[in-house]
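Undergrad:
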Amino acid sequence: QKQEWAKLKDEPTVTKDGTHVELVANIGTPNDVEGVLNHGGEGVGLYRTEFLYMGKTELPTEDEQFDAYKSVLEQMGDKPVVVRTLDIGGDKELSYLELPDEMNPFLGYRAIRLCLERDDIFRTQLRALLRASTYGNLKIMFPMIATLDEFRQAKALLLEEKENLTKEGTEVSDNIEVGIMVEIPSTAVIARQFAKEVDFFSIGTNDLIQYTLAADRMNERVSYLYQPYHPAILNLVNNVIEAAHAEGKWAGMCGEMAGDSIAIPILLGLGLDEYSMSATSVLPARTQMKDLSKEELASYKDQLLSMGTADEVEAFIREKTNQ
Ligand code: PEP
Ligand code: MG
Numbered sequence: 249q250k251q252e253w254a255k256l257k258d259e260p261t262v263t264k265d266g267t268h269v270e271l272v273a274n275i276g277t278p279n280d281v282e283g284v285l286n287h288g289g290e291g292v293g294l295y296r297t298e299f300l301y302m303g304k305t306e307l308p309t310e311d312e313q314f315d316a317y318k319s320v321l322e323q324m325g326d327k328p329v330v331v332r333t334l335d336i337g338g339d340k341e342l343s344y345l346e347l348p349d350e351m352n353p354f355l356g357y358r359a360i361r362l363c364l365e366r367d368d369i370f371r372t373q374l375r376a377l378l379r380a381s382t383y384g385n386l387k388i389m390f391p392m393i394a395t396l397d398e399f400r401q402a403k404a405l406l407l408e409e410k411e412n413l414t415k416e417g418t419e420v421s422d423n424i425e426v427g428i429m430v431e432i433p434s435t436a437v438i439a440r441q442f443a444k445e446v447d448f449f450s451i452g453t454n455d456l457i458q459y460t461l462a463a464d465r466m467n468e469r470v471s472y473l474y475q476p477y478h479p480a481i482l483n484l485v486n487n488v489i490e491a492a493h494a495e496g497k498w499a500g501m502c503g504e505m506a507g508d509s510i511a512i513p514i515l516l517g518l519g520l521d522e523y524s525m526s527a528t529s530v531l532p533a534r535t536q537m538k539d540l541s542k543e544e545l546a547s548y549k550d551q552l553l554s555m556g557t558a559d560e561v562e563a564f565i566r567e568k569t570n571q
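Residue numbers (the UniProt record's numbering): 249 to 571.
#1: Measuring CB to CB, does TYR523 end up less than 9 Å from ALA533?
#2: Give the DSSP-derived three-state secondary structure of ARG332 in the structure shown.
#3: Work out the CA separation of ALA563 and VAL329 for me, nearest whole Å.
#4: Out of VAL530, ALA463, SER343, THR435, which has the shortest C-alpha to C-alpha gap to LEU396?
#5: Could you tell me the distance, in whole angstroms, from the CA atom of THR569 to the CA atom of MET525?
#6: Within 10 Å of its beta-carbon, does ARG375 have 16 or more other beta-carbons around it, so buried, or fewer, so exposed?
#7: Please name the residue in GLU431, LYS444, GLU544 whose C-alpha comes closest to that of THR453.
#8: Got a sec? Which residues, its chain only, sit under 7 Å from ALA316 by beta carbon, not counting five neighbours each side?
#9: For LYS318 and TYR472, I'd like the C-alpha separation in whole angstroms.
#10: Compute the Euclidean distance between the alpha carbons of SER381 and LEU321, then round it to the nearest angstrom.
#11: To the nearest whole angstrom, what separates the beta carbons of VAL530 and ALA254, a pair I think is in contact under 8 Å?
#12: For HIS268, which three-state DSSP category applies?
#13: Beta carbon of GLY452: closer than 8 Å to some heavy atom of the ligand MG?
#14: If you compare alpha carbons, which of LYS327, PRO476, THR557, THR263 is closest to TYR459?
#15: Which residues in the same chain have their Cβ closer than 7 Å to the Cβ of ALA480, if we skip the five residues on either side of it in sequence?
#16: Could you tell me which of ASP368, LEU342, GLU259 sits nearest to GLU310, measuring between CA atoms?
#17: Taking VAL262 as the reference, give the member of LEU540, LYS340, GLU341 with the closest Cα.
#18: Considering only the alpha carbon of each residue, which of LYS410, LEU406, THR418, LEU347 lies closest to GLY427?
#19: Under 9 Å between the Cβ atoms of ILE514 and LEU456?
#20: Do you know offhand how far LEU362's Cα is from ASN385's?
#21: Return the CA-CA distance between VAL437 and ALA494, expressed in angstroms with no decimal places.
#22: Just the C-alpha distance for VAL420 and GLY293, rounded to the nearest angstrom, thanks.
#23: Under 9 Å between the Cβ atoms of ILE388 and GLU425?
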């Protein structure tokens, strides 16, 4: 089986009926890029920049960040690299920021919420990204977006820093797509409104599932409720994809679900464009895609979206795809 995977390393990802999709990988540091390329990743779908900030005693400087972003972009050449801005808080702490303890850290002061208040931290990251943008195919995405206002504010800061850099004589790319993670149900529900303003969506199912089913993703006691195939999740995902396509935008997914062999046929049928997973899942997923018919899977869409339980969904997909 490994041999069959290896043959597909430098091949595009095409389904049995000729649909192209993009299989990209999640990374945490520039050192992970080699693994993405070795495993046939067509790009980076999620660069978790938190690692630049963690395990340190102070904030990373603009130059330190610039070096990391430039390194990733250069190594990836013209392949797309989606960089997520700082997603700290929740389970990820930074000792030097001295954030107060919270009753519900996952519902608290984190990610874009923190960045919009501490715009000094945010602007430094945006400047580093903008400066690195001429070294490859950069796309920027904001995490934990719950309202349109948050997106508008974040994008305004980005444009402000772009203008500042241009005035200073620093070159910045003019083709940076700016998108959001869809990991909060409010955003998935009004995806149509978001789709008019963003360049792309990347669905973060790790958080979207926990918020939709109100089940802490780290808590074993309630892990039975953490159901990727729950029809509520499928309906939200479908809503996001339809909204994107109605505005001519693309929709990806960067949660664990994107590399799951039961989820892949479902997502293909719903029309997902980009699948971002751990690098080692890329070749198995490409192999699986080769045997799937998008047209056939799309014909199950209404049936799947009207099912009552995750178990029904899973049994149905297992039967249709011989798993
Ligand atoms: C997600 O929430 O699905 C996601 C990809 O982000 P993280 O796992 O870093 O929260
Ligand atoms: Mg998340």
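The C-beta atom is built at its ideal place from N, Cα and C for all residues, glycine as well.
TA: Put simply:
#1: Here the question's residue 523 lines up with position 275 in the sequence shown. Here the question's residue 533 lines up with position 285 in the sequence shown. At the C-beta level, TYR523 and ALA533 come within 9 Å of one another.
#2: Stepping through the sequence shown from its first residue, residue 332 is reached at position 84. Reduced to three states, the DSSP call for ARG332 is strand.
#3: One-based indexing of the sequence shown puts residue 329 at position 81. One-based indexing of the sequence shown puts residue 563 at position 315. Taking the straight line joining both Cα atoms gives about 35 Å.
#4: Here the question's residue 396 lines up with position 148 in the sequence shown. Closest option to LEU396, Cα to Cα, is THR435.
#5: Locating residue 569 in the sequence shown gives position 321, where the first residue counts as 1. Locating residue 525 in the sequence shown gives position 277, where the first residue counts as 1. So the alpha carbons of these two residues sit roughly 21 Å apart.
#6: In the sequence shown, residue 375 corresponds to position 127, counting from 1. Buried, since its Cβ has 16 or more Cβ neighbours within 10 Å.
#7: Within the sequence shown, residue 453 is the residue found at index 205, counting from 1. For the residues GLU431, LYS444, GLU544, the minimum Cα distance to THR453 belongs to GLU431.
#8: Here residue 316 corresponds to residue number 68 of the sequence shown, with the count starting at 1. Apart from sequence neighbours up to five positions away, the residues of its chain that approach ALA316 with a beta-carbon distance below 7 Å are PRO278, LEU300, ordered along the chain.
#9: Translated into the one-based positions of the sequence shown, residue 318 becomes position 70. Translated into the one-based positions of the sequence shown, residue 472 becomes position 224. So the two alpha carbons sit approximately 41 Å from each other.
#10: Here residue 381 refers to the residue found at position 133 of the sequence shown. Here residue 321 refers to the residue found at position 73 of the sequence shown. As the crow flies, the alpha-carbon of SER381 is around 8 Å from that of LEU321.
#11: In the sequence shown, counting from the first residue as 1, residue 530 sits at position 282. In the sequence shown, counting from the first residue as 1, residue 254 sits at position 6. Actually they are not in contact, since the Cβ atoms of VAL530 and ALA254 sit about 12 Å apart, beyond 8 Å.
#12: Start at 1 with the first residue of the sequence shown, and residue 268 comes out as number 20. Strand.
#13: As a first step, residue 452 is located in the sequence shown; it is residue number 204 there, counting from the start. GLY452 has its CB nearer than 8 Å to a heavy atom of the ligand MG.
#14: Here residue 459 is taken as the residue at index 211 of the sequence shown, counted from 1. When only C-alpha atoms are compared, the closest one is PRO476.
#15: For the purposes of this step, residue 480 is taken as the residue at position 232 of the sequence shown. So the qualifying residues of the chain are THR460.
#16: Indexing the sequence shown from 1 puts residue 310 at position 62. Per the Cα distances, ASP368.
#17: Within the sequence shown, residue 262 is the residue found at index 14, counting from 1. Ranking the options by Cα distance to VAL262, first place goes to LEU540.
#18: On the sequence shown, residue 427 is found 179 positions in, with the first residue counted as 1. Nearest of LYS410, LEU406, THR418, LEU347 to GLY427, Cα basis: LEU406.
#19: Position 266 of the sequence shown, counted from the start, is the residue given in the question as residue 514. Position 208 of the sequence shown, counted from the start, is the residue given in the question as residue 456. ILE514 places its beta carbon 9 Å or farther from that of LEU456.
#20: Against the sequence shown, residue 362 aligns to sequence position 114. Against the sequence shown, residue 385 aligns to sequence position 137. In a straight line, the C-alpha of LEU362 is about 27 Å away from that of ASN385.
#21: Translated into the one-based positions of the sequence shown, residue 437 becomes position 189. Translated into the one-based positions of the sequence shown, residue 494 becomes position 246. Rounded to the nearest angstrom, the gap between the Cα atoms of VAL437 and ALA494 is 15 Å.
#22: Position 172 of the sequence shown, counted from the start, is the residue given in the question as residue 420. Position 45 of the sequence shown, counted from the start, is the residue given in the question as residue 293. Whole-angstrom Cα-Cα distance: 21 Å.
#23: Numbered from its first residue, the sequence shown carries residue 388 at position 140. Numbered from its first residue, the sequence shown carries residue 425 at position 177. The answer is yes: Cβ separation under 9 Å.
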